[in-house]
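Written below as structure tokens is the structure these notes are about.
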Amino acid sequence: MFHAKSPITAVTAMVGGAWDAETKPRSRFTLAPAWLGLVQWRWTIAGSVDPVKRSPSGRWPYDRGMSPTLRVGGRELVIDSTLVMGVVNASPESFSDGGRFVSLESQLELAASLVEGGADIIDVGGQSAITNQPELDAAVEAERVVPIVAWLRESYPDTLISVDTYRPSVVAEVLAAGAHIINDVSGLLYPEVAALCAQHQAALVIMHTAARPKVRLQDPGLYTDVGAEVLAFLNERSASATAEGLAWESIILDPGPDFTKTPHQTIELLRGIDEIRSLGRPLLLALSRKDFLGAVTGRTPRGRDAATAAAIAYFAITPGNIVRVHDVSAALDVIATIDVLTGRRDVSPEYVLPDVLRHEPRRE
């Protein structure tokens, strides 16, 4: 439930430092200095004791050492499941939202609903990924995203904040405002972005692309071996990032579904995702409502949620993922189910489903 203060009031109150700490709900995990790395899942079902817990037997369908560690904010997170990144588009041009969240207030209300719905990370973007349009002026992009970042950092200090940007001037501003992760869809076009992340102890997402942002490239003959070429690109750009002083453990890799790839190329790449996992870094999988799912289902973006859930389930079988989604609740349900079925978590033997969850409420 969104707390009583409206987002606009909250932004105004932040200037004077006035904010009621009791109104700040906790996220699913806490960045604690002495953290041992396990995501602390907080489940409450109809007021009962948590029925779903990590498996005490430690059953894993793979070597436990395969769970990658992410260093962010001077602390470490072992991603032994799949984290959920909720999307806040501060761009009226968004392909998926269709201009539904234009005002700052509506964007902050969306961000709050995503956090309170269980998102581990909020990804804020001020420039739409729609191609063949001019790049947005950097100053305008910063004006769109900095207020959201500052408000999130003050209102939800336990939630990781990501910003979808690649330009150094915007990166500097959002990191100063409190962002934890830079989601660079340019494939590290500007290496100084990695240096800025290192200075602020932030993490960096490096995404594969074969073109500059905002340029549409759909060439069936572009790749000889899409998996091998994406792997080589991500390896080389990661080396560039570490040369700028960024820790290897602070890098997240994104194979870039749809970006300069036809649906067939994206599917071929995702079928061989284990090759990219072999680099040992967490993977950001931006699967939500993507074009390749449109090719599979024949549906427009907002009709691709079931296909998105299926793709998340497929990848969540292996840990070490961050899924970027529009529907946080559905993603969490998918991941919880996969974690139980793979033995990463268990349902308590004593737990009995309460009647309030067994039946839909009757309409009066």
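Mapping to the working numbering: the sequence shown position 13 is 870, numbers consecutive.
Each residue gets a CB set at the ideal place from its N, CA and C atoms; glycine is no exception.
- For the pair residue 1089 and residue 1217, the Cα-to-Cα distance works out to about 51 Å.
- Exposure of residue 1056 is indicated by the presence of fewer than 16 other C-beta atoms within 10 angstroms of its C-beta.
- Residue 1020 is positioned such that its CB atom lies closer than 7 Å to that of residue 1031.
- If you look at residue 927, you'll find it in the beta strand (DSSP E) that goes 926-929.
- Runs of the beta strand (DSSP E) lying entirely within the segment 934-980 and spanning at least 3 residues, in chain order: 939-946.
- Ranked by Cα distance from residue 1195, the first of 1168, 1219, 1221, 1073 is 1168.
- Residue 941 sits close to residue 976, with the two beta carbons spaced by under 7 Å.
- Here the segment 1067-1074 does not lie against the segment 1006-1014, with fewer than 3 beta-carbon pairs under 8 Å apart.
- Taking the Cα positions, residue 1209 is about 24 Å away from residue 974.
- Scanning 1067, 984, 929 for the CA closest to the CA of residue 1016 turns up 929.
- Going by DSSP, residue 1018 is part of the beta strand (DSSP E) stretching over 1017-1021.
- A residue is called buried when at least 16 other Cβ atoms come within 10 angstroms of its Cβ; residue 997 does not meet this threshold and is exposed.
- Going by DSSP, residue 1040 is part of the beta strand (DSSP E) stretching over 1038-1041.
- Of the candidates 1066, 1191, 1024, 1110, the residue whose Cα lies closest to the Cα of residue 1049 is 1024.
- Between the C-alpha atoms of residue 1051 and residue 1107 there is a straight-line separation of about 10 Å.
- DSSP places residue 1111 inside the beta strand (DSSP E), whose first and last residues are 1108-1111.
- Runs of the alpha helix (DSSP H) spanning 4 or more residues and lying entirely within the segment 1138-1176 occur at 1148-1154, 1162-1173, in chain order.
- When the Cα atoms are used, residue 987 and residue 1212 turn out to be separated by approximately 46 Å.
- The DSSP-derived three-state label of residue 1200 is coil.
- Secondary structure at residue 1067: coil, using DSSP grouped into helix, strand and coil.
- Per DSSP, reduced to three states, the secondary structure at residue 1130 is helical.
- Pairing residue 979 with residue 931 gives a Cβ-Cβ distance that is not under 7 Å.
- The DSSP-derived three-state label of residue 1091 is helix.
- For residue 1005, the enclosing alpha helix (DSSP H) starts and ends at 995-1012.
- DSSP places residue 1050 within a helical segment (H, G or I) once states are collapsed to three.
- In this structure residue 1121 is exposed. Its beta-carbon is surrounded by fewer than 16 other beta-carbon atoms within 10 angstroms.
- Secondary structure at residue 1210: coil, using DSSP grouped into helix, strand and coil.
- Per the Cβ contact rule, the segment 1180-1197 is in contact with the segment 933-940 (3 or more Cβ pairs under 8 Å).
- In the DSSP secondary-structure assignment, residue 932 is bridged to 929.
- Judged by DSSP in its simplified three-state form, residue 1062 adopts strand.
- Selection 1142, 1160, 1097, 1091 evaluated against residue 1136 yields 1091 as nearest (Cα-Cα).
- In its chain, beyond the 5 residues on either side, 936, 1137, 1138, 1139, 1177 have a beta carbon closer than 7 Å to the beta carbon of residue 925.
- Around the C-beta of residue 1114, 16 or more other C-beta atoms lie within 10 Å, and the residue is accordingly described as buried.
- The C-alpha of residue 948 is placed about 25 Å away from the C-alpha of residue 1166.
- Taking a 10 Å sphere around the C-beta of residue 1095, we find 16 or more other C-beta atoms and assign the residue as buried.
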